[in-house]
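Under the working numbering, think of the first position of the sequence shown as 5, with each following residue one higher. Ideal Cβ positions, reconstructed from N, Cα and C, are used throughout, including at glycine. Working notes for the structure below.
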Amino acid sequence: MAGDPNPLEASQSWAMQAAGGWSFSAQFFILSAPPGSGKTTFLKHCAEQMRQRGLTVGGVLVPVAENGRRQLQLLSTPGELLQLQLNDGQPGDGAGCAHEEEQAPAGSIRVGNFVFDEHVFAKARSELQALRGQDRGLAAAPADWIIVDEIGPLELNRGQGLEPAVGELLRAAARGELGPPQSRFLIVARAALRDTMVQTYGLDGTGMPQDDGDGLFPGFGGPEARAAAVVDLDVPEPGDATDALVGRLAGLPPLL
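See below:
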């Protein structure tokens with residue numbers, strides 16, 4: 005009858021409301037704001053607030069210490085901070101190096117003038133591997149939310165740092181192997197690397213077999229749903245805006 009609501013449109017509208025305005029398939033939330041914009045501070049607040057709401061959180065944070073060097077925090081043991089960056093990265097500082105070609109000290113990785121502790125990266129990889137598990141992605145330590153701060157040239161161009169663990173985890177998530185319910189992700193990536201990261205790990209369905217079906221629920225499967233799984237987030241201002249965004253994220257329905 006003319007004027008009757010379309011059942012598919014009505015179900016999609018309900019799903020958008022249930023998912024806080026995002027697609028029901030929203031799974032990978034990406035922060036690409038420039039350095040110093042408060043991404044890590046926001047992610048730390050997310051982890052704390054989500055835990056208070058009874059959600060489980062895993063992954064890694066990379067805060068900057070007072071001396072300007074990066075640390076690494078494993079979210080399975082949030083009270084412990086590991087020293088990731090071994091120098092201040094300035095040419096001629098005595099601890100750093102002005103030339104990327106120079107060999108890094110044993111047990112470390114050099115990125116430009118920065119030197120990072122490979123043993124700390126190994127602990128980060130172990131954290132991510134535990135969230136994936138070995139049996140078709142069945143996690144040994146499942147989490148509602150997984151934070152990855154951040155994926156950069158070291159992973160995407162050199163296959164080091166958090167690789168191969170982060171790639172295995174994200175590809176398993178994109179294939180729907182981490183649940184049910186599936187884990188959702190908060191990921192930091194530079195704006196220039198955002199598209200490369202999404203395509204490399206297939207977060208939007210890139211490189212995956214395409215099917216014509218919609219799964220169990222019409223309108224919630226197929227290529228459109230896969231593309232909608234990726235959501236770009238701006239870093240909110242501290243205070244009410246941050247609390248509101250964390251509330252929207254934490255209030256998302258389980259992703260089956």
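Exercise for review: Taking the CB atoms as reference points, tell me whether Gly-83 and Asn-117 lie closer together than 8 angstroms.
Suggested key: no
Practice item. Report the rounded CA-to-CA distance for Gln-203 versus Leu-160, giving the unit in angstroms. Key: 11 angstroms
Exercise for review: Mind checking who Gln-89 pairs with in its DSSP beta bridge?
Suggested key: Phe-120
**Study point:** Arg-188, enclosing beta strand (DSSP E) - first and last residue
**Key:** 188 to 193
Point to revise | Beta-carbon proximity list for Thr-44, same chain, < 8 angstroms, skipping 5 on both sides | key: Leu-65, Val-66, Pro-67, Val-68, Asp-153, Val-192
Check your understanding: So, are the CB atoms of Leu-79 and Leu-86 less than 8 angstroms apart?
Key -> no
Practice item. Identify, in the order they occur along the chain, each residue of the same chain with its Cβ nearer than 8 angstroms to the Cβ of Met-5, setting aside the five sequence neighbours on each side. Key: Only weak support exists for where Met-5 lies, its pLDDT of 48 falling under 50; the coordinates are left without a value.
Review point. Helix or strand or just coil, what does DSSP make of Phe-1?
Key: This structure leaves residue 1 out entirely; the chain is present only between 5 and 260.
Practice item. Could you tell me which of Leu-190, Gln-89, Ala-128 sits nearest to Pro-109, measuring between CA atoms? Key: Gln-89
Check your understanding: Considering only residues of the same chain and omitting the five flanking positions on each side of Thr-246, which have a CB-CB separation below 7 angstroms?
Key -> Phe-46, His-49, Pro-240
Practice item. Determine the burial state of Leu-260: buried for a count of at least 16 other Cβ atoms within 10 Å of its Cβ, exposed for fewer. Key: exposed
**Study point:** Spatial distance of Ala-248 from Gly-111 (CA atoms)
**Key:** 42 angstroms
Exercise for review: Excluding the 5 residues preceding and the 5 following Gly-98 in the sequence, name in chain order all residues of the same chain whose CB lies nearer than 7 angstroms to its CB.
Suggested key: Confidence is the limiting factor: at Gly-98 the pLDDT is only 40, short of 50, which leaves the residue's position unreliable and the question unanswerable from this model.
Practice item. Answer yes or no: the CB of Trp-26 versus the heavy atoms of the ligand SAM, is any distance below 7 angstroms? Key: Here there are no bound small molecules, and the ligand SAM is not part of this structure.
Practice item. Using the Cα positions of Pro-227 and Asn-71, report the straight-line distance between them to the nearest angstrom. Key: 46 angstroms
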